[in-house]
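**Student:** Quick one: structure below, then a few questions.
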Amino acid sequence: MANRGGAAQRPNSQTQGKICQFKLVLLGESAVGKSSLVLRFVKGQFHEYQESTIGAAFLTQTVCLEDTTVKFEIWDTAGQERYHSLAPMYYRGAQAAIIVYDITNMDSFGRAKVWVKELQRQASPNIVIALAGNKADLANSRAVECDEAQAYADENGLLFMETSAKTAKNVNEIFLAIAKKLPKNEQVSGAGSANQGRRLVESDSSAKTAGNCCK
Amino acid sequence: MFRRSMPNARRNRRMNRSNQLSKAVETVETMEESGEQGTELVSHHGVILKSHKSYDCAGTLSLMQYGRNKYIEWKAAEVNVDSDTQDHEWAVVSTGRSSRHRSNSECARAEPLRLNTVNLKSFRVSRHRYGQHLTFAQRGESRSFITFIFHQGNADVFVKSLLGQLKAYRSRRDRNLYDLAEEDSQETQELRRSFAELNLFPETAPYGVWNFIGQFRQRPYEATMGAFSKITDALLYKPAENDDSSVAELLNNSLMEEDAVIANVSGEEYEVIGSKATPILPSRPPVTRGAPLSVERWAQATAEDGRVTDVTAIKKIIFHGGVNPSLRYEVWKFLLGYYSWNSTYAERMCLRKSKVEEYYQMKQQWKSMTPGQEERFSDFRDRKSLIDKDVKRTDRVLSFYAGDDNPNVDLLNSILMTYVMYNFDLGYVQGMSDLLSPLLQLMSNEADAFWCFVGFMDRTCTNFDMDQAGMKLQLTQLHTLLSILDPQFTHYLDQHESGNMFFCFRWLLVLFKREFTQENIMRLWEVFWSDLPCPNFHLLFCAAILDSEKETLYANNSGFTEILKHVNDLSLKIDLDSTLSKAEGLYLQLMNIESELPDSVRTIIGLEPLNPVDGDSENDSIEDDDGDCSNHTEHDSSIETVSLGALGGEVAFERGINFQYM
Ligand SMILES: Nc1nc2c(ncn2[C@@H]2O[C@H](COP(=O)(O)OP(=O)(O)OP(=O)(O)O)[C@@H](O)[C@H]2O)c(=O)[nH]1
Ligand SMILES: [Mg+2]
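In structure tokens:
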């Protein structure tokens, strides 16, 4: 188990502004490193022998963006095709998705494209999609060229980064990039959790900072 | 939406504020002066207070908590209309605060109403062309009623949350009637009069009920009229002063007298729903676990030639206490059907020899696949790659599988690859490596582990169905069992977007493999493999775990996400023996009321159905009554589909999705 890299920034007690909450779902073929990315992002850890995900896992992590606190509600799904039919349960209502592939595995890139199509067709229309080419530390066995993936991402309006859950490369960065791209003032209505009666909490100072992005 | 579907005449009427409603305000204000901060437990928008004869007001009906008391609170909808028009259909059932529907400005000025639930005697749900009615009856002599019309959406979610929050008993005769348990609080007496003081219905006492009867009279359905004529009489003339039975009771009694289980007499105005009781469980008998099957007992049960006698007794011991670890290597082969109990030593030696041969033969098949063959055989390649990915991350924290180049990881791989050749159609599905791992650790021997795995897969292969049918069926069955074992908790789950039981997916898929240590999972599995005391005992085991967790879920008011997270986080925290005892206790409770169990439950636990032809398609959830579920209330005559009919796997899943996100 490697333990490099810290967890993402947590909001400190003086955080100004509003807290925005977003539902994010991770999709992608089995063993591309979805759970590993989440584990790195949420706990700052990496497990070489991370067990496969059965059903789904739910985690949360908060990042600070200028004076906005963004809380991610992360759904980590099982990647195997057999469990594909369960995926809509998780991506419905999601405001963001990270579609992960393994840069050493061309098939996983093809699978990622299928996910992109499915989300474009079936998920919330304004969903922010990021493409993560994971296992960037294994560039020696690279099967998917960075340029190719970048071009595909550009064509489809996706955020794109090559990441490594193992070395922590670009892990916090990809989540932050998503946080930046998310519309902070509209997310109430689309929040999957709205139906559960959970609402955004305004911190004390929100009145003073009302001019900021989270209105 | 409100405007659009209201009749014009009604829309144009003006609000006529009554003194009576002003009194309601006073009550609310008095309470607010006392400084109590209320907590909203659930709310429903688009509910019309059927309070005044000339005007109907839409608003929000909530269940609120103030201090120790819970209140039914109704407030007129605010005039401000949220510009966001997304999710119109669902906005009304969301518990979110944003009010997205329009309302008349007159309505907005209607006064709020608050009723202490300790003063409520019962409530009843009925159906009407413009939406479901929820009628509350007050305790005591005054016999007042108040009706709310669920103009938007239906009342189910609200009713279920009432059931989750209040002590309520469904009437055995009228399944739409719920009696509220009497709770004696200090305020009871003083607030008891709230209805009477409010005197919301100056001329015609219970407006909603009058309305009900009025319409009912115009449509005298032959089948139901006999049963209801009594009620009609009682209501058309104000009941005698000292007659303290409520309308609810009248409805109830009348139904009882006629034994009027009149199914779905549907008319344009009304529908009388047949009544069907949810059996009440007796208390749970205490159950203690036994000692594991001992070496001596096993020896005693094994005849000289090796046949195992006394199989029933042996299985009983295993069910109650498992198997002594030193015997597992031997006993599991019987439990998993590799060896037959009736075989002799000689036969087993012979069998094993041929099975070992067969194994290596099949192993040779994939081993000898040339790269070219593989290249042209994508189905094979897919399976191979899945196995490859999974064995690398199966139980690597256990010393048996730890470290780089561990030969046991290769064995895991070989056995799974061979299983692909044994059953290519099923192939490999994620989760199977979890099931194999303890078997291999126990057997050490590749071929023995393989054949035990085959036996295990024979029992559990439907978990890996392409269309998830096996999993959906189990989740549905679990819901069905829970609805008898713990109706309140079931309502809670339904109300919290978890009626699909999806949070139990991992438990069921790999039979709790991820929830227990290797030692404990071996114990649990051998108990399951005893096939005692009934089929699907593992579902009772689920129910037992949930029984221990429900208080936490209630306390946190957990929804879909929190429930799933909580359940996932139970891993390695579940006490095995006490949970097994509880699961057996649940079984005994069910058997105590065996004759009252609906067929949907009987078939799950292996009892003969009582009505094998028509089936018992009654499901105790309110959904069955609704028009909006009509697409799946069709009754099929075969048992299997009956249990799937009303709460069918597909439907249950879909419902979960809908509730959550749409
Ligand atoms: N070298 C390297 N290995 C990684 C990286 N990320 C994940 N892995 C390894 O890849 C394997 C699979 O990772 P998981 O995180 O379990 O993959 P997943 O996408 O969650 O897989 P499923 O749960 O089956 O859908 C594990 O053995 C990880 O240790 C990475 O960035 N670099
Ligand atoms: Mg995973």
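Protein chains in written order, with our numbering: chain A, 4 to 218; chain B, 862 to 1523. No residue lacks a Cβ here, since even glycine has one placed at the ideal position from N, Cα and C.
1. Does ligand 2 have even one heavy atom less than 6 Å from the beta-carbon of Ser-1201 of chain B?
2. By Cβ distance, which residues of its chain are closer than 8 Å to Ile-1465 of chain B, with the 5 residues on each side in sequence left out?
3. Counting only Cβ pairs nearer than 9 Å, list the residues of chain A close to Ala-1325 of chain B.
4. Say whether chain B places a C-beta atom closer than 7 Å to the C-beta of Glu-32 of chain A.
5. Under the rule that 16 or more other beta-carbon atoms within 10 Å means buried, what is Phe-1285 of chain B, buried or exposed?
6. Any heavy atom of ligand 1 closer than 6 Å to the CB of Asn-1397 of chain B?
7. Which residue marks the beginning of the alpha helix (DSSP H) containing Asp-1249 of chain B, and which one marks its end?
8. How many angstroms separate the CA atom of Ser-1246 of chain B from the CA atom of Val-1018 of chain B?
9. Quick check on DSSP: helix, strand or coil for Glu-1525 of chain B?
10. By Cβ distance below 7 Å, which residues in the same chain neighbour Ala-59 of chain A in space, the five residues on each side in sequence not counted?
11. Going by beta-carbon coordinates alone, are Phe-178 of chain A and Phe-49 of chain A separated by less than 7 Å?
12. Have a look at A:Glu-54, A:Gln-153, A:Leu-62 and A:Leu-42 and flag the residue whose alpha-carbon is nearest the alpha-carbon of Val-1428 of chain B.
13. At least one CB of chain A closer than 7 Å to the CB of Val-1018 of chain B: is that the case?
14. Can you name the start and end residues of the alpha helix (DSSP H) that Phe-1261 of chain B belongs to?
15. If contact means a Cβ-Cβ distance below 7 Å, which residues of the region 102 to 125 of chain A contact chain B?
16. Counting beta carbon pairs with one atom in the region 1346 to 1353 of chain B and one in the region 1303 to 1315 of chain B, are three or more of them shorter than 8 Å?
17. Please confirm whether any heavy atom of ligand 1 lies closer than 6 Å to the CB of Leu-141 of chain A.
18. Contact between the region 1141 to 1151 of chain B and the region 1177 to 1197 of chain B: three or more CB pairs below 8 Å?
19. Under a CB-based cut-off of 7 Å, is Arg-1257 of chain B close to chain A?
20. What I want to know is whether the C-beta of Ser-1294 of chain B ends up closer than 6 Å to one or more non-hydrogen atoms of ligand 2.
21. Mind reading off the beta-carbon distance from Asn-137 of chain A to Asp-105 of chain A? Whole number of angstroms is fine, and I expect it under 8 Å.
22. Can you look up Phe-852 of chain B in the DSSP assignment and give me helix, strand or coil?
23. Could you tell me whether the Cβ of Ile-77 of chain A comes closer than 7 Å to any Cβ of chain B?
24. By DSSP's criteria, Cys-149 of chain A is part of a beta bridge. Which residues make up the other side?
25. Can you tell me the Cα-Cα spacing of Lys-184 of chain A and Gln-53 of chain A, whole angstroms?
26. In the DSSP assignment, find the unbroken beta strand (DSSP E) run with Trp-935 of chain B in it and report its ends.
27. Cβ-heavy atom distance between Ser-38 of chain A and ligand 2 below 6 Å?
28. Am I right that Ile-181 of chain A and Leu-27 of chain A are in contact with their C-beta atoms under 8 Å? What's the rounded C-beta distance?
29. According to DSSP, simplified to helix, strand and coil, what is Val-886 of chain B?
30. Is DSSP giving Glu-901 of chain B helix, strand or coil here?
31. Indicate whether at least one CB of chain A lies closer than 7 Å to the CB of Asn-1269 of chain B.
32. Would you verify that the beta carbon of Ala-60 of chain A is, or is not, closer than 7 Å to some beta carbon of chain B?
33. Give the DSSP-derived three-state secondary structure of Lys-21 of chain A in the structure shown.
34. Count the C-beta pairs between the region 1219 to 1236 of chain B and the region 1247 to 1255 of chain B that are closer than 8 Å, then say yes if the count reaches three, no if not.
35. Among B:Tyr-927, B:Leu-922 and B:Gly-928, which has the Cα closest to the Cα of Lys-936 of chain B?
36. For Gln-1302 of chain B, tell me which candidate among B:Gly-1467, B:Met-1327, B:Asp-1347 and B:Arg-1189 has the shortest Cα-Cα distance.
**Tutor:** So, to answer that:
1. no
2. Gln-1338, Thr-1341, Leu-1342, Pro-1396, Asn-1397, Leu-1400 and Ser-1504
3. Position check: residue 1325 of chain B holds Phe in this sequence, whereas Ala was assumed. In chain order: Arg-85.
4. no
5. exposed
6. no
7. 1239 to 1252
8. 45 Å
9. The shown model of chain B, from 862 to 1523, leaves out residue 1525 of chain B, and the question about it has no answer.
10. Trp-78, Asp-79, Thr-80, Ala-81 and Tyr-93
11. no
12. A:Leu-62
13. no
14. Where Phe-1261 of chain B is concerned, there is no enclosing alpha helix (DSSP H), given that its DSSP letter is neither H nor E.
15. none
16. no
17. yes
18. yes
19. yes
20. no
21. 6 Å
22. In the structure as shown, chain B starts at 862 and stops at 1523, and residue 852 of chain B therefore has no counterpart that could be examined.
23. no
24. Its beta-bridge partners do not exist; DSSP assigns none.
25. 30 Å
26. 930 to 937
27. yes
28. 7 Å
29. Residue placement at Val-886 of chain B is flagged as unreliable, the pLDDT there being 34, under the threshold of 50; the coordinate-derived value follows with that caveat. Of the three classes helix, strand and coil, the one that applies to Val-886 of chain B here is helix, per DSSP.
30. strand
31. no
32. yes
33. strand
34. no
35. B:Leu-922
36. B:Arg-1189
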